[in-house]
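Structure first, commentary second.
In the working numbering, the protein residues as written are 2 to 208.
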């Protein structure tokens, strides 16, 4: 194999956008050590959704992501669980209203790609959860289950040919394993972050 592909991320930069699961910095050091990133920027904001509006607008991923410098080789968006928990409306697939999940996600993706078309933008779905009365079967006040937000991310990935890491469907986080993989049935513990990182390494290696 061509040597260029042996360590494709060696010496490269990576920005991670998201919520408390990203802010906790549990998966980034593991992925960075495995893939050789020379610089990792953690832009996770605890308790904040991707969608704008409400009392957590200050940390909305759409705002944070649209404000980063167009300098990163790799950018990951890992958000959605707080949008579900905070009853953010889904909107529709042609939305550009940043107060809906669709509109905010599309706005963020298009902004990142317009400013830095060379970056390898990738999308991660939320994990399954069972906290604060919100599990995968709960319908929030906007009429949505968590899977509805996951499906938006998958559709956006398909529309823009962006790779999607489907942690909701493939991570093994579920109601029977959350006590082993998380601290509180939402936030990963050491084993949980190792699971996410192992999946992320193979995922990013093939981009």
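Backbone N, C-alpha and C define an ideal beta-carbon position, used for all residues, glycine too.
9 Å Cβ cutoff met for residue i and residue j
i, j, result
"residue 15", "residue 77", "yes"
"residue 62", "residue 71", "no"
"residue 129", "residue 136", "yes"
"residue 102", "residue 150", "yes"
"residue 52", "residue 104", "yes"
"residue 189", "residue 25", "yes"
"residue 48", "residue 57", "yes"
"residue 165", "residue 148", "no"
"residue 66", "residue 107", "no"
"residue 8", "residue 33", "no"
Helix, strand or coil at residue i according to DSSP, with G and I counted as helix
i, result
"residue 159", "helix"
"residue 132", "strand"
"residue 16", "strand"
"residue 24", "helix"
"residue 225", "There is simply no residue 225 to check, as the chain begins at 2 and stops at 208 in what is shown."
"residue 154", "helix"
"residue 51", "coil"
"residue 148", "helix"
Bounding residues of the alpha helix (DSSP H) (the contiguous stretch that carries residue i)
i, result
"residue 200", "191–206"
"residue 67", "62–68"
"residue 102", "102–116"
"residue 82", "82–86"
"residue 177", "It is not in any alpha helix (DSSP H) - residue 177 carries neither H nor E in the DSSP assignment."
"residue 30", "29–36"
Environment of residue i [buried if 16+ CB atoms lie within 10 Å]
i, result
"residue 197", "buried"
"residue 86", "buried"
"residue 200", "buried"
"residue 123", "buried"
"residue 131", "buried"
"residue 93", "exposed"
"residue 99", "buried"
"residue 208", "exposed"
Residue-level contact to chain D via CB, residue i, 9 Å cutoff
i, result
"residue 196", "Within the model displayed, chain D is absent; a lone protein chain is all it includes."
Strand pairing of residue i, partner residues [DSSP]
i, result
"residue 42", "16"
"residue 78", "18, 124"
Limits of the beta strand (DSSP E) - the one that residue i falls within
i, result
"residue 124", "121–125"
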